[in-house]
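See below for the structure under consideration.
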């Protein structure tokens, strides 16, 4: 099935994906990388071109705009958000999007690395997309549909709403954020600058997915200070920080409580970076669980392991700092399910069967919800994100655009 938006969202996605926008966790700036401005400034220009109001780029790198209400009444202001940055977890430079027309169910071999193959057997959702137009990268980069698919959907919906003032809706805010992939997409000033009572991120996966439950997340940084000396004179004096770091990793669970051994509602501890040398080393972990008690237990476990290894070598100095990242949006949304219920209605109006999916990750909506703007997450169609086999169906994106317009209409009936 096709929609009137397929051609537009495809053109926008391909164009946006060609713009390099990876974020950088090590950078202290906001945005964390200057290149994110390449897309942010383009989006500001495009928002002005389609007639949006109050268009601006904040000093922390969020692009904001307003679609004015077309009906009067005490109607809540809603917002649609997507993030411009792509994940630094895989090569995100020089993306070459490829559109595979009318997928026939066979293997899709990515030309720049023929070992990268998308198959319906390996990826069951792909098997359901026969006849769809599938967008991939070329094999050596990620695609960036996370979250440029969301941007394309929002921009197409915004253009359509502005071009058709006969569609009844309340005030709508548009927002494109930087640095979501490194957990810094929601600046402290964003909730106030957004000015919305409810919001939605377009950062979800399969057609029909509706998310109001995410992981809660902390980050742990372990620093190991050893005793450095020339290895030729090291007898009974050298304390190798790398050996101690390895012991910490080895002492933590290996066959449970890791991303590769968990699924569903199971949480995990994930070491994603280690750097340093014999004198000093740093280990970086992310902690994830749907429930706060389990998340706190993960932090306690890392601290306990560090204390145990410290006790084996008193000449070393080991510290462990656990810092919050985001919290499960369910904790707040379950107290007021209006934005979820509105989305359910909009899915139905667009002919889409919804299903609820707790996601093993987070969105900008996790932080926004915590800060007082309830923000469920809506589907875009993106699949296999953060790697070379990332792909998205153009038709899924078209349906998401229709759904956003129906959602705007549904909220427009409030207060009438």
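In this note's numbering, the protein residues as written are 396 to 811. Glycine is no exception: its CB is placed at the ideal position from the N, C-alpha and C atoms. Note that this is a predicted model, so its numbers are computed, not measured.
Counting C-beta atoms within 10 angstroms of its own C-beta, residue 625 has fewer than 16 neighbours from the protein chains shown and is therefore classed as exposed. Here residue 545 really is in contact with residue 775; their C-beta atoms are around 5 Å apart, less than 8 Å.
Of all alpha-carbon atoms in 701, 579 and 541, the one lying nearest the alpha-carbon of residue 761 is that of 579. Per DSSP, reduced to three states, the secondary structure at residue 667 is strand.
Between the alpha carbons of residue 547 and residue 692 lies a distance of about 40 Å. Ranked by Cα distance from residue 713, the options 739, 675 and 732 are led by 675. Between residue 682 and residue 467, the alpha-carbon positions lie close to 46 Å from each other. Between residue 795 and residue 773, the CB-CB gap stays under 8 Å.
Of the residues 411, 559, 704 and 806, the one whose Cα lies closest to the Cα of residue 641 is 704.
For residue 427, there is no enclosing alpha helix (DSSP H), as DSSP marks it with neither H nor E.
Spanning the alpha carbons of residue 571 and residue 619 requires a straight line of approximately 38 Å.
Segment contact: the region 493 to 505 against the region 465 to 484, fewer than three CB-CB distances shorter than 8 Å; contact not assigned. Spanning the alpha carbons of residue 430 and residue 671 requires a straight line of approximately 28 Å.
In the structure shown, residue 555 falls within a helical segment according to DSSP collapsed to helix, strand and coil. Uninterrupted beta strand (DSSP E) stretches at least 3 residues long and entirely within the region 602 to 641 occur at 604 to 606 and 611 to 620, given in chain order. Residue pairing of residue 699 in beta bridges, as defined by DSSP: absent, with no partner found. Closest option to residue 514, judged by alpha-carbon separation, among 807, 778 and 809: 778. The region 524 to 535 makes no contact with the region 750 to 770; the number of CB pairs closer than 8 Å stays below 3. In the three-state DSSP reduction, residue 720 falls in the strand class (E or B). Per the Cβ contact rule, the region 663 to 670 is in contact with the region 638 to 653 (3 or more Cβ pairs under 8 Å).
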